[in-house]
Structures are given as C-alpha cells and as structure tokens.
Amino acid sequence: MSLCCTKNFLNQEFRHLCRILWVNKPYYQRKMMHRMSNSYLSKEMKFCYLNQLNTSLLGKTLQHGFHSGSEPPYLISHEPKPYNYPLVNIQVKGYDHSVLQSYQSWVTRIAERLNLVVSNAWATPCKKLQITRFEPKSTKVEDTFKLNIYERTVQVSEMPSLVLPVLLEVLQAGLPEGVELYVDHHSEEAEKIRYVPNKELRELQQELKDVHNPPVAPRFRGKK
Numbered sequence: 001m002s003l004c005c006t007k008n009f010l011n012q013e014f015r016h017l018c019r020i021l022w023v024n025k026p027y028y029q030r031k032m033m034h035r036m037s038n039s040y041l042s043k044e045m046k047f048c049y050l051n052q053l054n055t056s057l058l059g060k061t062l063q064h065g066f067h068s069g070s071e072p073p074y075l076i077s078h079e080p081k082p083y084n085y086p087l088v089n090i091q092v093k094g095y096d097h098s099v100l101q102s103y104q105s106w107v108t109r110i111a112e113r114l115n116l117v118v119s120n121a122w123a124t125p126c127k128k129l130q131i132t133r134f135e136p137k138s139t140k141v142e143d144t145f146k147l148n149i150y151e152r153t154v155q156v157s158e159m160p161s162l163v164l165p166v167l168l169e170v171l172q173a174g175l176p177e178g179v180e181l182y183v184d185h186h187s188e189e190a191e192k193i194r195y196v197p198n199k200e201l202r203e204l205q206q207e208l209k210d211v212h213n214p215p216v217a218p219r220f221r222g223k224k
C-alpha cells in the first residue's frame, strides 16, 4: 500500500471513530477531535491516536455490556433451575472401624458446610469373611485370615446436581487408604440391609410354613 493510500485510510478510520465517540465527549474534547481529524498528522501519530480511541471505545463497550441494568423479568422467569436429587446415599466401606467412623463424621461436616441437608446416617451390620491360603500345588492349608468389613452410610436429601460433582471431588481427595466410597440413589434394598435379621423370628416363620404345608417324602410325591 502506498503512503498516500495509507494516509487516506488512516484519516477515514480516525474520522469514523471520532463520529462514534462524538456523543460521549464534552464540548472542548469534541472540538479538539474535530481539529485533529481535519488536520494533517504523521502516520505514527495517526496510529497512536487510533490505538487510544480503540482502547477507549473497547472500555465503553465492556462497561455498557457488563455493568448495565438487571436482566428483563421474562428472561429470569424462564431460566432453567438445576435438578435436585431426592435422596442420595454416600456409602463408605473399610476394614478399620475407627478410621471408617472418623471419615463418616468428616463427610457429614463437609456436607453441612456445603449447605446440604443430611437427613439420616446409619451403620450396616458387619460382614465377616474368612480367607484361606493353601500351599503351592497342594490342598494343605498354609494360613487363615479373618476380615471384618464395616459399612457406614450418610444420606443427603434434595442435593443439587451442580453441587454433587464438587462434593465428590472433595470426598475423593480426603479418602483414607483402604476405604471405598460409593454414591448411589436410595433404594428399598439399601433400606433392608440396615436391619439385622432376627433368627428366632425366621425359625418361627419356617415352622408356620411347615404346619400349613408339611413336607412330603419323595416316594409319596407321585401318589394320590
């Protein structure tokens, strides 16, 4: 581009920006801008003034864009609301009872700090496992281990879907070694696991079934 074309282009751009900012300027600044736009300036000065005007125009645009009035009522009324999970169970399992109990209380405190409603918390009956290790290529027992699996559950009601990922990241970051973390919806199976089965009641129920439907010997099943 030749020098003459460059000067004409800068003059046009300079006058265009002056017209845009004309309304927002006081009288003495408008008069000075009018003189500068009609006077002959060097190419370097034109670039300098253009940069200053562009910066000023950008600041005005950002100011009007981010510091304007509140949103119209029809936009706020139709804004989608985040979904809330009715009941969420946070289950933790581990082999050390003291560590698991401490982690459960920490989970409860974190949930309360996030303004979540902790509706319930309970302990599931302990599961006892026996692990047997055999000698290589033999049926001889080398060693036997007994393990107890403890489980605690913290139930949160009306949990916002936007808060759940944040809560999971915090709980996973503070998860102790040897502790497993599960998060799931509340179900009937989780409700049944809470209670310890009554052996005496089961024996009585089985006796009632035997009285109403007595067992028949295999040799008499096909006979009338």
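For the sequence shown, full-length UniProt numbering puts the final residue at 224, and the numbers step up evenly by one. Ideal placement from N, C-alpha and C gives every residue a C-beta, glycine not left out. Please read all numbers here as calculations on a predicted model, not as lab measurements.
- Per DSSP, the unbroken beta strand (DSSP E) holding V183 starts and ends at E180 to H185.
- Pairing L181 with L167 gives a Cβ-Cβ distance that is not under 8 Å.
- Here E177 carries a coil assignment [DSSP, helix/strand/coil].
- Cβ-Cβ separation between V154 and A111: approximately 7 Å, consistent with a contact (criterion under 8 Å).
- For K146, no alpha helix (DSSP H) run applies; the uninterrupted beta strand (DSSP E) run containing it begins and ends at V141 to P160, by DSSP.
- For Y103, the enclosing alpha helix (DSSP H) stretches over residues H97 to R113.
- In the DSSP assignment, Y195 forms no beta bridge with any residue.
- In the DSSP assignment, N213 falls outside any beta strand (DSSP E) and carries neither an H nor an E.
- Within the same chain, and ignoring the five residues on either side of Y85 in sequence, the residues whose Cβ sits closer than 6 Å to its Cβ are M159.
- Closest option to N148, judged by alpha-carbon separation, among T124, V141 and E169: T124.
- Annotation: the continuous beta strand (DSSP E) that includes P86 extends over N84 to G94.
- V179 sits close to Y103, with the two beta carbons spaced by under 8 Å.
- Under the three-state reduction of DSSP, P165 is assigned to helix.
- A direct Cα-to-Cα measurement between R109 and K93 gives close to 18 Å.
- Rounded to whole angstroms, V88 and R194 show a C-alpha spacing of 15 Å.
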